[in-house]
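Take 1 as the starting number for the sequence shown in full-length UniProt numbering and just add one per residue.
Note that CB positions come from ideal geometry on N, CA and C, so glycine has one too.
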Amino acid sequence: MEKRVFGNTGVAVPVIGQGTWQMEEDDAEGAIRALRAGLDLGLTHLDTAELYGHGRVEETLVAKAIAGRRDEVYLVSKVMPSNATRRGTVAACERSLKRLGTDRLDCYLLHWPGSHPLEGTVEAFEELVAAGKIRSWGVSNFGVEDLEEVLALAGKGRIACNQVLYHLEERAIEHAVVPWCEAQGVAVVAYSPFGNGQFPSPTSAGGKVLASIAKAHGVTPFQVALQFLVRRPSVFAIPKASDAAHVRDNASAASLKLTQEELQRIDAAFPKGDEPDELPVI
Numbered sequence: 001m002e003k004r005v006f007g008n009t010g011v012a013v014p015v016i017g018q019g020t021w022q023m024e025e026d027d028a029e030g031a032i033r034a035l036r037a038g039l040d041l042g043l044t045h046l047d048t049a050e051l052y053g054h055g056r057v058e059e060t061l062v063a064k065a066i067a068g069r070r071d072e073v074y075l076v077s078k079v080m081p082s083n084a085t086r087r088g089t090v091a092a093c094e095r096s097l098k099r100l101g102t103d104r105l106d107c108y109l110l111h112w113p114g115s116h117p118l119e120g121t122v123e124a125f126e127e128l129v130a131a132g133k134i135r136s137w138g139v140s141n142f143g144v145e146d147l148e149e150v151l152a153l154a155g156k157g158r159i160a161c162n163q164v165l166y167h168l169e170e171r172a173i174e175h176a177v178v179p180w181c182e183a184q185g186v187a188v189v190a191y192s193p194f195g196n197g198q199f200p201s202p203t204s205a206g207g208k209v210l211a212s213i214a215k216a217h218g219v220t221p222f223q224v225a226l227q228f229l230v231r232r233p234s235v236f237a238i239p240k241a242s243d244a245a246h247v248r249d250n251a252s253a254a255s256l257k258l259t260q261e262e263l264q265r266i267d268a269a270f271p272k273g274d275e276p277d278e279l280p281v282i
């Protein structure tokens, strides 16, 4: 499994990880088996959040999947904006640690910009770092304006990552967010890289391009799409997979090598369009 340094943390993290959003809706035993299979294949960047299933994903799925294997995992969770005061962030982190059965997170994120002042959230993050309860911190669903505010509060080198929506038909982050993050040494983590169930149809123009490239490499269109998204050294992806076959597909995408011509064909088939006024969030 290819690893890259995760932003400015100095830690090498798998380019393909595992997401757990909406996993509470899946068969629990199957989901746990899938997560463990992912760990076996090197998908050790494991992302969750207190929001997911109101804590159930942390407690009943992720905790069981990482039991006895915590040191293998780059574990990430998120605080909801409604909890993101200084005291509320610390308390939320403590609850996540308890549910996950661990004494630390490798990275802790603010799930999206909220109404509480960012200053308090950043202070809480730094307090948690000093206490050894988190090793780094970052944000999610942040546009450039919000990122600039966090940078001004925290200083350069403190924001580990920005986790954002990114898939072939939603490339808005390529306009300004990705360049900003690259300039500041911030990792970009793509969630819902297959479009949350809206993957290009094989009969669509773009779907035919993916199928053609996939056939040439003996892989699936999903693997082609995933490799396209992580083509830049700053970008990581956390697809969700609740069965072992999908996990194996995702893991294999990391070793796929697309040619420059193939990258250009995909780029043309899925144009990023105009820069949006707001960052898309799901």
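Within 10 angstroms of the beta-carbon of T259 lie fewer than 16 other beta-carbons, which makes it exposed. Under the three-pair Cβ rule at 8 angstroms, the stretch 114-125 does not count as touching the stretch 94-101.
Assignment of S255 by DSSP, reduced to helix, strand and coil, places it in the coil class.
Taking 8 angstroms as the upper bound for CB-CB distance, G195 and E169 are in contact here, some 6 angstroms apart. In the structure shown, the three-state DSSP call for A176 is coil. When secondary structure is reduced to three states using DSSP, G138 falls in the strand class.
By the Cβ neighbour-count rule, I282 is exposed, with fewer than 16 other Cβ atoms within 10 Å of its own.
Rounded to the nearest whole angstrom, the CA to CA distance from G138 to V79 is 11 angstroms. For L109, there is no enclosing alpha helix (DSSP H); the residue is found in the beta strand (DSSP E) stretching over C107 to L110. In this structure, the straight-line span from the alpha carbon of K133 to that of S212 is close to 47 angstroms. Two segments are said to touch when three or more pairs of C-beta atoms, one from each, lie closer than 8 angstroms; by this definition the stretch 156-173 does not touch the stretch 20-40. Measuring C-alpha to C-alpha distances from E72 to each of V11, G143, V57 and E275 identifies V11 as the nearest. For the set I266, V178 and G19, the Cα lying nearest the Cα of P233 is the one of V178. Scanning A124, A187, A130 and S242 for the CA closest to the CA of L147 turns up A187. By the C-beta density criterion, H45 is buried, having at least 16 other C-beta atoms within 10 angstroms. Residue pairing by DSSP places A187 opposite C161 in a beta bridge.
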